[in-house]
Amino acid sequence: MISLSDVSKTYNEGRPNEVAALRSVTLDIAREGVTVFMGPSGSGKTTLLSLVGCMARPTTGRITLDGEPVSGLPERFLTELRRVKFGFVFQRFNLIRGLSVLDNVMLPAAPLGEEPKTVQARAMMRLEALGLAEKALMPVEVLSGGETQRAAIARALVNDAPVLIADEPTANLDTALTHRFLDIVAGLRDEGKTVILTSHDPRIIAASAVTAVVEMRDGKVVEVRG
Amino acid sequence: MKALRRQRALADYTLAALARRKVKNLALVGVFSLVVFLLASAMFFASALRHEASAALEGVPDLIVQHLSLGRQGMISEDRIAELESIRGVSKVRGRLWGYYYDRVSGANYTVMVPDGGQMPAPGQVIVGEGIPRARGLDWEGAPLFLSRKQGDLNRFDIAQIYSSDSALLTADLLLMNEADFRAFFSVPEGVYTDIAARVRNANELATIIDKATSLMPDERFVSRDDIARTYMKLFDWREGLMVALGAMAMLAFAIFAADKASGLSAEEAREIGILKAIGWDTRDVIAMKLWEGGLVSVGAFLLGAVAAYAHVFWFGAPLFAPVLKGWAVIYPDFALAPVIDGSQLVTLFLLTVLPYAAATVVPVWRAASADPDAVMR
Chain A
428 MISLSDVSKT
438 YNEGRPNEVA
448 ALRSVTLDIA
458 REGVTVFMGP
468 SGSGKTTLLS
478 LVGCMARPTT
488 GRITLDGEPV
498 SGLPERFLTE
508 LRRVKFGFVF
518 QRFNLIRGLS
528 VLDNVMLPAA
538 PLGEEPKTVQ
548 ARAMMRLEAL
558 GLAEKALMPV
568 EVLSGGETQR
578 AAIARALVND
588 APVLIADEPT
598 ANLDTALTHR
608 FLDIVAGLRD
618 EGKTVILTSH
628 DPRIIAASAV
638 TAVVEMRDGK
648 VVEVRG
Chain B
677 MKALRRQRAL
687 ADYTLAALAR
697 RKVKNLALVG
707 VFSLVVFLLA
717 SAMFFASALR
727 HEASAALEGV
737 PDLIVQHLSL
747 GRQGMISEDR
757 IAELESIRGV
767 SKVRGRLWGY
777 YYDRVSGANY
787 TVMVPDGGQM
797 PAPGQVIVGE
807 GIPRARGLDW
817 EGAPLFLSRK
827 QGDLNRFDIA
837 QIYSSDSALL
847 TADLLLMNEA
857 DFRAFFSVPE
867 GVYTDIAARV
877 RNANELATII
887 DKATSLMPDE
897 RFVSRDDIAR
907 TYMKLFDWRE
917 GLMVALGAMA
927 MLAFAIFAAD
937 KASGLSAEEA
947 REIGILKAIG
957 WDTRDVIAMK
967 LWEGGLVSVG
977 AFLLGAVAAY
987 AHVFWFGAPL
997 FAPVLKGWAV
1007 IYPDFALAPV
1017 IDGSQLVTLF
1027 LLTVLPYAAA
1037 TVVPVWRAAS
1047 ADPDAVMR
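Keeping their order, the protein sequence lines are chains A and B.
Here the first sequence is numbered in my numbering, starting from 428 and rising by one per residue.
Here the second sequence is numbered in my numbering, starting from 677 and rising by one per residue.
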């Protein structure tokens, strides 16, 4: 369970370009479900996702992960959490260009000091599950949009993180690929993983795999369904 | 083992990252190598010059007596040898014969000497420095060397040996012949010498001996070993000074280069760090990776620059610095400096280039890597 209590996030605090991205958000995100943060651009979805995924710290308020407070932890502990607990799929997928698909997928495991063969086998297993095994050695630049997204998912899952976080994962995908993504999400949920997404795509919000929808506007949670 | 595997994984990523930015990194290595090349060349050159100076001083006598005529040096009478020997504390007094010969064929000046002991050339034979056969296009021992002092007077000498020494700068133009040949060739009568060299038993008494000798031989000039050392040092110092100036310029260029590197990361690099942080890389992982990157670039470039500098100075005779060395001599352009490397200077150069570069690389990375990944990526 991830809990946020009265969490606010202000960027560029005290400067002329100060932006209050989140205002007093209180929210519980259940384990082993699929939660979608929805709302228009600038509503604070991505900021909320960053805070939940320990990629940023709240300006005020408290965040707990399974009852343990994480918002005040030093950076090295947050890194450890990101490495062990979370897998990220970014809006533009953010694969490292110039590296092969396999190298990209193995990247989160590099600092773990594991046997390269073990990591490689795990990465190949993920790629195979996502139908990308035959493209493992290709540079990521040659992948299509859907393949890039699946490579990003494989990378997010290579350390077997229990929580997958994805920012607007279907923003650049057509209907067929969106459905394929939803199938993957459903599969992950069935594996017992927690999936947290941001989206304003109605196809995602209406998907049967989704267990909770958090509606946001102007940095606030206006409604929680499910 | 785990730490080793972690470093290996980071190094693998670094190599891939370097290969990804091939052009940029090659340009970086190029600039870095050039700076190291200039600095190391200046350093090797200066160090070799110092070696030449100290090698030259090794054989210098404690005292040289010269005869002055109209304020210029003239031939000195051999009677002075006995007078000098009569002074208590003076030992091993000997007359020296040496002079300069302008060779019209090669357009070079040779220093002609009668050796003091050691290998005395047989009549009709000469021992020459490495530069002379080169200047004359003679590259084997036993070849005849024809020297002419006036039209129709051609003297044949056989090259008995090509003189090689640690101090090429001073011996490249040397031509050794025996006393009889020297006197005949330069028309120097018996009973006179170019100057007289003496040793003293106690170096602390040199000033007293010079005082006594001056009152005994008021027309002669006395040059002590210290005077010669000062002259040599002046001769080498201004050359070394030019090298230091060149080195300072290269160092300044390097400082600008490092400062530019330290001033920040490109948007792409910052984004990459944000991605790595977001997917679980620790700040120290990112810094270690960048240290690998900086280390590979800077150590590689350092080695490249240092080896190129060694080849430039010791194999190719420092053509970039040739104008500094040549001066009036025609014979010098092809000489090779004796390879002498001052290890501590090389280590200093390493510390002055590789470490600042590594620090300059790491500072902006550390700044980016210690921020929240969300902030870096934004």
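The C-beta atom is built at its ideal place from N, Cα and C for all residues, glycine as well.
It should be emphasised that the depicted structure is a prediction, and the values quoted were computed from it without experimental measurement.
Chain B places a beta carbon closer than 8 Å to that of F515(A), counting this residue as a contact. By the criterion of a C-beta distance shorter than 6 Å, E881(B) is surrounded in its chain by G765, once the five residues flanking it on both sides are discounted.
Using a Cβ-Cβ distance cut-off of 8 Å, the region 852–865 of chain B and the region 796–805 of chain B are in contact, since at least three pairs of beta carbons, one from each stretch, lie closer than that value. Measuring C-alpha to C-alpha distances from A883(B) to each of D958(B), I740(B), A692(B) identifies I740(B) as the nearest. Two segments are said to touch when three or more pairs of C-beta atoms, one from each, lie closer than 8 Å; by this definition the region 472–483 of chain A touches the region 493–512 of chain A.
In the same chain as I886(B), and ignoring 5 residues on each side of it, the C-beta atoms closer than 6 Å to its own belong to F898, in chain order.
Interface criterion not met: the Cβ of E595(A) is under 8 Å from no Cβ in chain B. When secondary structure is reduced to three states using DSSP, K768(B) falls in the strand class. Listed along the chain, the chain B residues whose CB falls inside 9 Å of the CB of D530(A) are D688, Y689, A692.
Taking a Cβ-Cβ cut-off of 7 Å, the neighbours of P1049(B) in chain A comprise M482, given in sequence order.
Scanning the region 910–990 of chain B for uninterrupted alpha helix (DSSP H) segments of 4 residues or longer gives 943–954, 959–986, listed from N- to C-terminal end. Here E806(B) is buried. Its C-beta has 16 or more other C-beta atoms within 10 Å. Per the DSSP secondary-structure output, D834(B) pairs in a beta bridge with Q801(B), P820(B). Secondary-structure assignment with DSSP links N785(B) through a beta bridge to Y778(B).
Excluding sequence positions up to five before and after V705(B), its CB lies within less than 8 Å of the CB of V973, G976, A977, L980, all in the same chain and listed in chain order. Following the DSSP letters along the chain, one finds F720(B) inside the alpha helix (DSSP H) bounded by residues 698–734.
Between R503(A) and D961(B), the gap from beta carbon to beta carbon reaches 8 Å or more. Excluding the 5 residues flanking it on each side, P496(A) has same chain C-beta neighbours closer than 8 Å at R489, I490, in chain order.
Chain-order list of chain B residues neighbouring P538(A): R682, A685, L686, G956, W957, D958, D961, by C-beta distance under 8 Å.
Secondary structure of I885(B) (DSSP, three-state): helix.
For E948(B), the residues of chain A that pass the 8 Å Cβ criterion are I523, in the order they occur in the chain.
In the three-state scheme derived from DSSP, where H, G and I count as helix and E and B as strand, V876(B) is classed as strand.
Residue-level contact check: R696(B) touches chain A, since one or more beta carbons of chain A fall below 8 Å from its beta carbon. In the assembly as shown, V649(A) is an exposed residue. Its beta-carbon has fewer than 16 other beta-carbons within 10 Å.
Contact between the region 862–870 of chain B and the region 749–762 of chain B is present: three or more C-beta pairs spanning the two stretches fall below 8 Å. No residue range can be given for E866(B), since it is assigned to no alpha helix (DSSP H) and is classified by DSSP as neither H nor E. Beta-bridge annotation (DSSP): F464(A) is paired with T625(A), V641(A). Measuring C-alpha to C-alpha distances from W968(B) to each of Y689(B), M677(B), K678(B) identifies Y689(B) as the nearest. Using a Cβ distance threshold of 8 Å, P535(A) and N599(A) do not count as a contacting pair.
For D1018(B), there is no enclosing beta strand (DSSP E), as DSSP marks it with neither H nor E. With a minimum length of 3 residues, the unbroken runs of beta strand (DSSP E) contained wholly in the region 480–507 of chain A fall at 487–492. Taking a contact as a CB-CB distance under 8 Å, the pair K966(B) and T907(B) does not count as one, their CB atoms being some 52 Å apart.
No Cβ-Cβ contact shorter than 8 Å links S430(A) with T487(A). In this model, E866(B) and V983(B) are separated by some 53 Å (Cα to Cα). Residue nearest to V532(A) within the set G469(A), R582(A), F520(A) is R582(A) (criterion: CA-CA distance). For the region 481–506 of chain A, residues whose beta-carbon sits nearer than 7 Å to a beta-carbon of chain B comprise M482, A483, R484, E502, R503, T506.
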